[in-house]
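Taking it in order: structure first as structure tokens, then the write-up.
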Amino acid sequence: MSANAFAAPSANAGLPPALPTDLLHGIALRPPELAWDGTRYRGSRLLGVRLSDARSLAGVVATVQHEHFAGVVAVTSLYARQAAVALAAVWQAPDTNQAPRPSAPDTDRLRYGLRLPSGESKATGRVTVWSVNGHTGVWLPACALDVQQQLRRELSVLLQQPLAAIRLTVMDAGDTATAWQDAPHPLDLLDAVADAALLSQAAGRPVCVACHAGTADELVLHVRQSAVASAPAPDAKAPVPDAGADQPSPMVLWSDAPWAMRPSVARLLSQPGHALAFTQATVRSDVTVHANKGATRPLRASVDELNAAQVFAEESLWHEQAVARGEDPVAWRLRHLPAGQGLELARQVVARAELPAEAGEGVAEIGTLRGTGFAAAQVQCVDETGADRMIWSAWVAEVTVQPQTGRVDVTRVVAGHDSQPLQPAQIAPVLPEIEHQTPRLLASARRILAGPPAFDDWISPGANAAAEPGSALSKHEGQKGLSRAGLADGGVVTQGLLGVDGVVTLPAAAAIANAIHDATGVRLRQAPFDPEQLRLALAGSRRERPRNPLARGWGWLAAGMAGVAGMAVALWPMKPALPLTAGPDVSLYSAGAIERGRLVAAAGDCIACHTAPGGKANAGGLALDTPFGTIYTTNITPDNDTGIGRWSYPAFERAMRQGVHQDGRQLYPAFPYTAYAKLSDADMQALYGYLMSQPAVRAEPPKTQLAFPFNFRPLLAGWNALFHDAKPFTPDPSRSAEWLRGAYLVQGAGHCAACHSPRNRLGAEKTGVNYLAGGEAEGWTAPALNQLATGARAWTGDDLFQYLRMGYSPRHGVAAGPMAPVIHGLAELPDSDVKAITTYLLDLPQAAGAANAKPEPSASTPAAQPAPAAATIQSLQGRRANGERVYQNACAVCHEAGSGPTLFGVKPLLSANTNLHAATPDNLIQVILNGIQTPANDEVGYMPGFKDALDDRQIADLIGYLRERHAPGKDAWPDSTDTISRLREHAELN
2 MSANAFAAPS
12 ANAGLPPALP
22 TDLLHGIALR
32 PPELAWDGTR
42 YRGSRLLGVR
52 LSDARSLAGV
62 VATVQHEHFA
72 GVVAVTSLYA
82 RQAAVALAAV
92 WQAPDTNQAP
102 RPSAPDTDRL
112 RYGLRLPSGE
122 SKATGRVTVW
132 SVNGHTGVWL
142 PACALDVQQQ
152 LRRELSVLLQ
162 QPLAAIRLTV
172 MDAGDTATAW
182 QDAPHPLDLL
192 DAVADAALLS
202 QAAGRPVCVA
212 CHAGTADELV
222 LHVRQSAVAS
232 APAPDAKAPV
242 PDAGADQPSP
252 MVLWSDAPWA
262 MRPSVARLLS
272 QPGHALAFTQ
282 ATVRSDVTVH
292 ANKGATRPLR
302 ASVDELNAAQ
312 VFAEESLWHE
322 QAVARGEDPV
332 AWRLRHLPAG
342 QGLELARQVV
352 ARAELPAEAG
362 EGVAEIGTLR
372 GTGFAAAQVQ
382 CVDETGADRM
392 IWSAWVAEVT
402 VQPQTGRVDV
412 TRVVAGHDSQ
422 PLQPAQIAPV
432 LPEIEHQTPR
442 LLASARRILA
452 GPPAFDDWIS
462 PGANAAAEPG
472 SALSKHEGQK
482 GLSRAGLADG
492 GVVTQGLLGV
502 DGVVTLPAAA
512 AIANAIHDAT
522 GVRLRQAPFD
532 PEQLRLALAG
542 SRRERPRNPL
552 ARGWGWLAAG
562 MAGVAGMAVA
572 LWPMKPALPL
582 TAGPDVSLYS
592 AGAIERGRLV
602 AAAGDCIACH
612 TAPGGKANAG
622 GLALDTPFGT
632 IYTTNITPDN
642 DTGIGRWSYP
652 AFERAMRQGV
662 HQDGRQLYPA
672 FPYTAYAKLS
682 DADMQALYGY
692 LMSQPAVRAE
702 PPKTQLAFPF
712 NFRPLLAGWN
722 ALFHDAKPFT
732 PDPSRSAEWL
742 RGAYLVQGAG
752 HCAACHSPRN
762 RLGAEKTGVN
772 YLAGGEAEGW
782 TAPALNQLAT
792 GARAWTGDDL
802 FQYLRMGYSP
812 RHGVAAGPMA
822 PVIHGLAELP
832 DSDVKAITTY
842 LLDLPQAAGA
852 ANAKPEPSAS
862 TPAAQPAPAA
872 ATIQSLQGRR
882 ANGERVYQNA
892 CAVCHEAGSG
902 PTLFGVKPLL
912 SANTNLHAAT
922 PDNLIQVILN
932 GIQTPANDEV
942 GYMPGFKDAL
952 DDRQIADLIG
962 YLRERHAPGK
972 DAWPDSTDTI
982 SRLREHAELN
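Once you know that position 797 of the sequence shown is 798 in our numbering, the rest is easy, because the numbers rise by one and skip nothing.
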């Protein structure tokens, strides 16, 4: 690790320079609604919190409350989560009468919007703070120097400590610039550090807090149309009026939110009446930005992002003013730049862009449209010495547009900046610095063109997208290697130093928008740019060509014949064998493709089913009990004789989509090809490359031998015709990107319905209202997932996310049985994927659950029950006493709050356990018999099994007692000794 020089060594004499080893874990509560008007906190207010209840739990060190800020500190993160739930915070909704009032009618406003990047961070990480005796030490992930300065200033205000008393230590992340690139968002980092500071101040010990990615937002600025002086309507070709006065109309922009970077959430909540803007946008121009009076909104925007949105709006307006006056936009903008170094820089960039393009540069396909755009920006920055510096940057971008699709490609970029004063050791100083077609510029330009993520986009935690072959950066590998200090060879500022990279690329969005308008006449006022919006705008300006009705009829006939032929192929029971090959050349797969395939395999949990107990990974041999007999999983390692090493990709894809082996055999649908068929082509290729890149294992699994007629595999062709749809996932354009991503993972690679949907007598998953309505797996009950958001024990988004991420939810219990390996697979995926799954599952239709749910008896109208006989009462009382005795002897030491050791993981509260409120006791019996030997997360801890210590009657009495005590509103389970015997026998066989 390395400590920066922001504080003298003697300033924190009582704190060690190295990261402490005895860390505590902290969690701060977040209000349901977070709002800020630029000066005061306007969100939900904390009415009450149960500090004593949380403080009494095992493993809790401190509980904290300052105004609306509340949190806990515990010895592990799981104890902290459980204590946070025990706080049982009560929030008051914010005053809704403070609605913002627009400064101009909507009909007279042009709207410029900049969508911020996704809230997913590639390196979320943790921060550690130790605040004691008026001094504070902070250990944090690699981040830019200006972000570090902001953190120190925030802590100084929050903790009322001088800057000299605050020391930051940045943890090294290697010798590459990706440490800066993958750092958490500045506000996410700010919030985590501030939370940890208040919690550490209360505990007097070092506290670590996770950096959680906030919700992505959109920065919006408005301007009166009159400011454009007869500007064209949005998405329409601009008229060319008579040239007017040389001076443009004054520009005033305004926002529906405070146009500033908010303070930390900890300061908003703990000092609600003194939450002034943390810092303002630093763009220097004659354009004024105002926030509407009374505007409140919790923007997750850094200074760089505020600057980018402002420059995008301003430089687009300059272009619109020029077009409205019939002026050349570039000449018009240069004419109105102030004299000095900025004007000189802009002229040099324009002159460089007018030079002939290099060979192969800017080549457009026939039928495409071409355009050029210009934009400039001036920003005030502060270097590490505290001195103010002014930076100018200018961009010229050339684009091509495909009218039929709206696809935009940046074919050429020329950019300049004069940021050398920010560099303490400039190499071969040249002023200004002009860049042409460098990888960084192209990457920045293409980010502006990136629309919403596709449903099959994968984010790999820790992977560097810049190294992906085929991307803009990979084409220029080695041309300008990035150094750890953030400087490219030749002295060009690239990444991380005072946010200069963001300054240099500020004009990118406006330059590209202006180029698109130059090419098409269509004005796009929201970045990143949506190709569909551009396509529709261009289509509206073209007359639709008349169609030949005869040709249309032949088209329908051809499509019908192709469909009949495809159905015949699918129904034909005998499938041909596909030729064996020498195996693929795995070196042809990039590292990014292999990593993508690894994530697909993790989401599909391939290793769980294709690995026998004690066997090698993916070598097969696991016995799957089905109603039709035992099926053994196959070897999917690239072994040439016993695995899939000689399978071609078409053979692999056929097995995954159609359920047909390479040799032509029909595969049993215990292999969930019915779900894997939904994988996209890119994911299927990546999965094939990943599996073929793994170590080959020679292992011959046992042969599956089912009884007749199930052993006659050609019959499965009819089964497929009835129940299998081999089409890949088709996204619904009306749904959000996050919802689509969740649906793709749940329906496809995750194959959740394989366990969580009921099956018919032929073993097919039921669909419609029965989709994810509950099923069975390996002797366990798989609960319904289509009614998670309803009922008395409804799951919240935070509950479900934590359960899927950690295998534990304080409100619902611990993942066990077949669900534990699923959590292991999900642990490989980024938070964004787990959030997407949560979003999709909580949005599922509740019709099935609501229609079939049995109403709970209320206190006023208890359900009628026949009066038990005296002998029955005596028997029940005896069994209850026996169950309580078993509980006290075997269970209470770990499950009673406030008692027992804290060394064996979390202490689940049985009153919150979902299994005790379930319709059947099967899962509870499984846990009591077998324990939790392989927990979903090591922090959760292990539980011993009692199948050798308790007989069936003792277990029956125990679960009866647990049901009566912890789920008193539920009906008692019937005598479960038969179920216990069956599950005990199943456990012994497996």
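All C-beta atoms in this analysis are idealised placements derived from N, C-alpha and C, irrespective of residue type, glycine included.
Gln162 sits in coil when the DSSP states are folded into three classes, being neither helix nor strand. Excluding five sequence positions before and after Ala347, the CB atoms of its chain that fall closer than 7 Å to its own CB belong to Leu335, Leu338, Ala377 and Ala395, given in chain order.
In the DSSP annotation of this structure, the continuous segment of the beta strand (DSSP E) that includes Gly417 starts and ends at Arg408 to His418.
When Ser317, Ala708 and Leu344 are compared, the shortest CA-CA separation from Gln527 is found for Ser317. Cα atoms of Ser591 and Arg599: separation of roughly 12 Å, rounded to the nearest angstrom.
Counting C-beta pairs with one atom in each stretch, the segment 779-799 and the segment 741-758 have three or more that are closer than 8 Å, which means they touch. Secondary structure at Met807: helix, using DSSP grouped into helix, strand and coil. Between Ala973 and Gly961, the gap from beta carbon to beta carbon is short of 8 Å.
Non-local C-beta neighbours of Gln342 in its own chain, meaning closer than 7 Å and more than five positions away in sequence, comprise Trp393 and Asp419, ordered along the chain. Taken through DSSP and simplified to helix, strand or coil, Trp720 comes out as helix. Per DSSP, the beta bridge partners of Trp396 are Ala376 and Ala416. Per DSSP, reduced to three states, the secondary structure at Arg112 is strand.
Contact between Gly808 and Pro936 holds: their C-beta atoms lie close to 7 Å from each other, under 8 Å.
A check of alpha carbon separations from Thr283 across Pro273, Val312, Leu269 and Ala276 identifies Val312 as the nearest. CA-to-CA, the gap between Thr705 and Ala609 works out to about 18 Å. Secondary structure note for Ile28: its beta strand (DSSP E) is the uninterrupted segment Leu25 to Ala29. Distance from the CA atom of Leu79 to the CA atom of Val815, rounded to whole angstroms, is 11 Å.
Within 10 angstroms of the beta-carbon of Leu537 lie fewer than 16 other beta-carbons, which makes it exposed. Within the segment 786-848, not a single complete beta strand (DSSP E) segment reaches 3 residues in length. Counted as a single uninterrupted DSSP element, the beta strand (DSSP E) harbouring Ser132 occupies residues Arg127 to Val133. Going by DSSP, Phe70 is part of the beta strand (DSSP E) stretching over Phe70 to Ala75.
Under the three-state reduction of DSSP, His136 is assigned to strand. Cβ contact annotation for Asp664 (same chain, cutoff 7 Å, sequence separation greater than five): Ala578, in chain order. With a 10 Å radius around the Cβ and a threshold of 16 neighbouring Cβ atoms, Tyr674 comes out buried. Under the 8 Å Cβ criterion, the segment 691-698 does not count as touching the segment 742-749, having fewer than three qualifying pairs. Excluding its 5 nearest sequence neighbours in each direction, Arg408 has C-beta neighbours in its own chain below 8 Å: Val402 and Pro532, listed in chain order. By the Cβ-count criterion, Thr731 is exposed, with fewer than 16 other Cβ atoms from all chains shown falling within 10 Å of its own Cβ. Taken in chain order, the complete beta strand (DSSP E) segments of 3 residues or longer contained in the segment 249-286 are 253-256. CA-CA distance, Ser735 to Asp979, rounds to 49 Å.
Counting only residues of its own chain and dropping the five nearest sequence neighbours on each side, Phe802 has a CB closer than 7 Å to the CB of Val835, Lys836 and Thr839. In this chain, Val331 is not harboured by any beta strand (DSSP E); it is covered by the alpha helix (DSSP H) spanning Pro330 to Arg336. Around Asp682, the same chain offers Pro729 as residues with beta carbons nearer than 8 Å, after the five sequence neighbours per side are excluded.
Counting only the Cα atoms, Ala90 lies some 27 Å from Gly942. Measuring C-alpha to C-alpha distances from Pro259 to each of Ala594, Ala292, Asp287 and Val288 identifies Ala292 as the nearest. When the five nearest sequence neighbours on each side are left out, the beta carbons in the same chain lying within less than 7 Å of the beta carbon of Gln927 are those of Gly780, Trp781, Gly818 and Leu984, in order along the chain. Contact check for Ala446 against Ile513 passes: the beta carbons are separated by less than 8 Å.
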